[in-house]
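I have placed the structure first, in the form of structure tokens, so that the comments after it can refer back to it.
Written out as structure tokens, the structure is:
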């Protein structure tokens, strides 16, 4: 019951929205201040803004149709879920015999044939949606008053020998008027009635049509009596089913013997009139007889056409049922009657899909038939919701690939569906979830199931794009666990606010959504959508490390949207302690991307927001890293694989720290230049030099060598590419630092250039790996030239001080002699 109450709530919301829009529309439509804007009539509201009246009217119409959709859904679900396993059509209900009225048999048919009952349910729904019948403005022509005047005038002329107040012969059209005023005069005499009376007759029959369209036969009879058309009231009365309370039992609203026991014979007379009478009158008799074409001619809307088809099929099916049970006399069967069942393909045909298809193909209503809500109503009626979901799934996929996607005019003409109409998406999603809650959804794993989940996922995207993140987990919790994790992974990427993050995680937990899997999917999605900015991008020719003033590592403005997206995704994962190992793995991938594309500022931002201290326990000294950092490989929180990634993550972090040390040196030396060797700034320069020695020099010597050796071939090649990008520049930058330190701190620091060269030129693994970077990048000659220049500076300084380098050599702060000559 709760589900049906929910449907009722949706209907009430739509109805209330329609009423609100109608109030606004009526109020604005009366406004005198109208303006034509781009060919559309606009009116000014209280705030001074101009409102498009046509668009406002469209809103009214939309909410009306949506409320009808919810009503239809409720009716169909109650019927379809309540008639499973019922008897097949044609079974004789108990308690019926030849003395019973036809209406008793009709009630039996309703009970025994679910299809017949469903047709009646939909017909009553269509009737209920019909507008209330209007009224006649001019009733003076009732009873053919104008024709009566003409007849009297002609009779007076004949009696007076041609003299009358007109003083003329009657007009030719007057001679064609009937001379008698009984209802059969038109047919009997083959003449006409006065134009004014003809207009009244058309309007009157149109009004009766509206009553019958509404399903109000009794109301139509009453209207006939109100206008002194008693003979018409009696004609219509033939449509009332017979009932005898003695034979058939007591029935609410019926007393004694009522109705027409020869209704089937009467219907055949109506069918004859429907094919011969004027348009509106023919349509009235067509409804009563169950005819189709005479009614369709006067239908103007999709619902009118649906009504005509349903009314025709129901009358034919009812007749066939009575025929099976020998309720139709042979003499009656001789008269022709319209057979709607044959029209739609025979007794075994599925009428509803054929009817819906015929409406979409009918040029008279094809526009309205392709209204999204009409398409949805048609899919519910014909039980082809899966077809609608398939098309919407296709459009959801296209919309995800291209956020600006809109169905083309041809697509909208063919399908009537537009995924960019989020109102339709909302309704379809809730219908899918309602069906699932009632056990009438699609089989898990089927294509239809996948289509449904695609549409729900599309709606989740809409909610996220609208900032309604708190609603997203509610819908994610209604789809399969794996799909929920995948879709949440897509949506979490968009969340930047810390408070929203925490709220979402709490809601995901409440709806039993696997948070860990969602975050893993999120990271995979992030890597995929950001890949074009990093993959197959040429390696940078300039890192900024050798720039005279700044490396650019502090340039936060240089971060791209892709950079920020990846860092933010890692922050998401940081909220789940169990994912620290995964963060280290994914973090290394992010560092890889940043460094392979020369994004030093992005790498620094990553290290700042997700430092290794938040991921890696440091409780031992088992493994020493550059920069005096250690981790305990035997810590139970670190698997062997995680330990390897932990080392790599920290190496990337220490590289950033090393470049920061170079950045600090550049800033300090700049202050020295500007202050003309102020002692305070020289002290700052001294500290900057020590930081370079502590952080940059170790990185230059051993960075990534062990990690590359411990990696698979593809990853090892990436690490080697990173070394090739940065190691030569690091060595050259260190060389420059030592040169500047020799000038502005102490002369003997110049010898550090040769100490560094000795490392590069040594036969050790570290030296060979550094040399390899220089050779592969073609920067060795530049470095050798710098060493030569430094050597000349050292020799010049030694000669100036009178020292004999041939005996003692020139030693640096480390006490090592000039080993530059070992470079091969």
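Residue numbers (the working numbering): 37 to 860. Beta carbons: idealized from backbone N, C-alpha and C, even for Gly.
Sequence-distant residues of its chain with Cβ nearer than 6 Å to residue 741 (five each side left out) = 805
State the start and end residues of the unbroken beta strand (DSSP E) segment that holds residue 86.
-> 86-88
Limits of the unbroken alpha helix (DSSP H) element including residue 524 | 517-528
Member of 292, 309, 236, 165 whose CA lies at the smallest distance from the CA of residue 252 = 165
Going by beta carbon distance, what residues of the same chain come within less than 8 Å of residue 769, once the five residues before and after it are set aside?
-> 581, 582, 698, 732
From the DSSP output, in three-state form, read off residue 276 for me.
-> coil
Boundaries of the alpha helix (DSSP H) in which residue 373 is found, first to last residue = Element bounds for residue 373: n/a, residue is neither H nor E.
Give the straight-line distance between the Cα atoms of residue 511 and residue 248, rounded to the nearest whole angstrom.
-> 44 Å
Measuring CA to CA, which of 389, 235, 367 is closest to residue 316?
-> Closest by alpha carbon: 235.
Under the three-state DSSP convention, the category residue 629 falls into | Correct three-state label for residue 629: helix.
Report the rounded CA-to-CA distance for residue 812 versus residue 484, giving the unit in angstroms.
-> 56 Å
Kindly list the residues whose CB is nearer than 6 Å to the CB of residue 856, restricted to its own chain and excluding five residues on each side of it in sequence; keep chain order.
-> Any answer about residue 856 is weak, because its pLDDT of 48 lies below 50 and its placement is not dependable; what the coordinates show is given next. Around residue 856: 790, 793.
DSSP state of residue 168, grouped into three classes?
-> coil
Note down the Cα distance separating residue 203 from residue 188, rounded to an integer number of angstroms.
-> In this prediction, residue 203 scores a pLDDT of 45, lower than 50, which makes its location untrustworthy; the coordinate-derived value is nonetheless stated afterwards. Cα to Cα, residue 203 sits roughly 15 Å from residue 188.
Short check: CB of residue 862 to CB of residue 645, under 8 Å?
-> Since the first residue of the chain shown is 37 and the last is 860, residue 862 is not available in this structure.
Residue 435 versus 675, 61, 493, residue with shortest Cα-Cα distance | 493
Given a threshold of 16 other Cβ atoms within 10 Å of its Cβ, counted over all protein chains shown, does residue 491 qualify as buried or as exposed?
-> buried
Sorted by chain position, which residues of the same chain lie with C-beta nearer than 6 Å to residue 345's C-beta, five sequence neighbours on each side aside?
-> 391
When the Cα atoms are used, what is the spatial distance from residue 656 to residue 613?
-> Note that residue 656 has pLDDT 45, beneath the 50 cutoff, so the model's placement of it is unreliable and the number below is only indicative. For residue 656 and residue 613, the distance between alpha carbons rounds to 21 Å.
Residue burial classification, residue 371 (beta-carbon count within 10 angstroms, cutoff 16) = exposed
Identify, in the order they occur along the chain, each residue of the same chain with its Cβ nearer than 6 Å to the Cβ of residue 598, setting aside the five sequence neighbours on each side.
-> 566, 569
Residue(s) in a DSSP beta bridge with residue 213 | Residue 213 pairs with 228.
Would you say residue 296 reaches chain B, if we count a Cβ-Cβ gap shorter than 8 Å as a contact?
-> No chain B appears in this structure, which consists of one protein chain only.
Which term fits residue 137, buried or exposed, when burial requires 16 or more other beta carbons within 10 angstroms of its beta carbon?
-> When all chains shown are included, residue 137 counts as buried.
Measuring CA to CA, which of 428, 190, 466, 440 is closest to residue 450?
-> The shortest C-alpha separation from residue 450 is found at 428.
DSSP three-state call for residue 283: helix, strand or coil?
-> coil
Residues bridged to residue 294 [DSSP beta-bridge criterion] | 279
Count the other CB atoms, across all protein chains shown, that sit within 10 Å of the CB of residue 588; report buried if there are 16 or more and exposed otherwise.
-> buried
Buried or exposed: which applies to residue 266, given that a residue is buried once 16 or more other Cβ atoms fall within 10 Å of its Cβ?
-> Burial call: exposed.
What span of residues does the alpha helix (DSSP H) with residue 603 cover, start to end?
-> 597-610
For residue 761, verify whether its CB is less than 7 Å away from any heavy atom of the ligand ADP.
-> By its list of ligands, the structure shown contains no ligand whatsoever, and the ligand ADP lies outside what it can speak to.
Among 398, 579, 577, 193, which has the Cα closest to the Cα of residue 339?
-> 398
Nearest to residue 162 by alpha carbon, out of 821, 433, 104?
-> For the residues 821, 433, 104, the minimum Cα distance to residue 162 belongs to 104.
Classify residue 154 as buried or exposed, calling it buried when 16 or more other Cβ atoms lie within 10 Å of its own Cβ.
-> buried
7 Å Cβ shell around residue 552 - same chain, five flanking residues per side excluded = 612, 614, 615
So what does DSSP say about residue 136, is it helix, strand or coil?
-> coil
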